[in-house]
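The structure under discussion appears below in the form of structure tokens.
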């Protein structure tokens, strides 16, 4: 073990070699949604800070976040959160060694996509006071 | 040729020192966030767009306040770890990497502390 070959090992092919698969898109989307939600979280934290400061500041933050642009960003964030949540659960299954079969990974990916849309719709309905 | 015994190599965990802790932290916070995210987003989605006094009432409630504090603490750790993973993968060069990692720690800590402080101030009626 002390003489492990380090540095002269064969290199695995770069990502661009492979034919793009939709599961690869899901994989990178997990990262993109994760990083993207840093922006959403900053907005929401600012909203809480404004609420803690005073009414005038809160009115400003609340108006910004519920404006057309703010609302659009929040709905996209809601989808990002739903996707990251569903795909995160998929990752937790993989971490426990389950669901690695090609067919299963393919289908769980579809479930993640469907789940993210359903959760987003439920979230929008809840925010409108439907439930 | 490395003058290290097998035992040393295993015990030292290489230059990173604590390799598995980051992996575990990401998973533990991920599992914790599954219920927390629902409990946090539900009142939040209702609160947004409401009047100042009504929103204050929502977060003056101990349940919502405790959930929000737990959420901010957990997300601070999860976000920091996640962004760190992305930085380590895509940012090259020691100087840039160090700056990015420091900025990441500062940003996520600032978000977490601001969130916890704000919710606490609201809940305590200050």
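Protein chains in written order, with my numbering: chain U, 5 to 135; chain P, 1421 to 1546. Where a beta carbon is used, it is the ideal one built from N, C-alpha and C, also for glycine.
For residue i, count the other beta carbons within 10 Å of its own beta carbon; 16 or more makes it buried, fewer makes it exposed. Which is it?
i, result
"residue 134(U)", "exposed"
"residue 1444(P)", "exposed"
"residue 1(U)", "The question about residue 1(U) has no answer, for chain U in this structure spans 5 to 135."
"residue 1448(P)", "exposed"
"residue 15(U)", "exposed"
"residue 1510(P)", "exposed"
"residue 98(U)", "exposed"
"residue 51(U)", "buried"
"residue 5(U)", "With a pLDDT of 48 at residue 5(U), under the threshold of 50, the predicted position of this residue should be treated as unreliable, though the coordinate-derived value follows. Per the 10 Å Cβ criterion, exposed."
"residue 1424(P)", "exposed"
"residue 1528(P)", "buried"
"residue 1428(P)", "exposed"
"residue 41(U)", "buried"
"residue 49(U)", "buried"
"residue 1479(P)", "buried"
"residue 13(U)", "exposed"
"residue 1461(P)", "buried"
"residue 1498(P)", "buried"
"residue 1508(P)", "exposed"
"residue 38(U)", "buried"
"residue 1475(P)", "buried"
"residue 1544(P)", "exposed"
"residue 1512(P)", "exposed"
"residue 127(U)", "buried"
"residue 23(U)", "exposed"
"residue 1484(P)", "buried"
If you follow the alpha helix (DSSP H) that residue i is in, where does it begin and where does it stop?
i, result
"residue 49(U)", "26 to 57"
"residue 107(U)", "106 to 131"
"residue 1538(P)", "1514 to 1543"
"residue 20(U)", "No alpha helix (DSSP H) holds residue 20(U); DSSP gives it neither H nor E."
"residue 92(U)", "72 to 99"
With residue i and residue j assumed to form a contact (beta carbons below 8 Å), what rounded beta-carbon distance in angstroms separates them?
i, j, result
"residue 1539(P)", "residue 1493(P)", "Not really, about 11 Å apart at Cβ, beyond 8 Å."
"residue 85(U)", "residue 1454(P)", "Actually they do not touch by this definition, with Cβ atoms about 12 Å apart."
"residue 1503(P)", "residue 1524(P)", "5 Å"
"residue 1465(P)", "residue 72(U)", "At roughly 17 Å, the Cβ-Cβ gap does not stay under 8 Å, so residue 1465(P) and residue 72(U) are not in contact."
"residue 1496(P)", "residue 1532(P)", "3 Å"
"residue 53(U)", "residue 1534(P)", "6 Å"
"residue 1451(P)", "residue 96(U)", "7 Å"
"residue 91(U)", "residue 121(U)", "The Cβ separation is near 13 Å, so there is no contact."
"residue 2(U)", "residue 1542(P)", "Summary: the structure shown does not reach residue 2(U), with chain U confined to residues 5 through 135, and so no result is reported for it."
"residue 103(U)", "residue 26(U)", "Not a contact, Cβ separation roughly 16 Å."
"residue 69(U)", "residue 47(U)", "6 Å"
"residue 87(U)", "residue 33(U)", "7 Å"
"residue 1472(P)", "residue 105(U)", "At roughly 53 Å, the Cβ-Cβ gap does not stay under 8 Å, so residue 1472(P) and residue 105(U) are not in contact."
* Along the chain, which unbroken stretches of the alpha helix (DSSP H) at least 4 residues long are found entirely within the stretch 1457 to 1506 of chain P? -> Runs of the alpha helix (DSSP H) lying entirely within the stretch 1457 to 1506 of chain P, each at least 4 residues long, are 1472 to 1480 in chain order.
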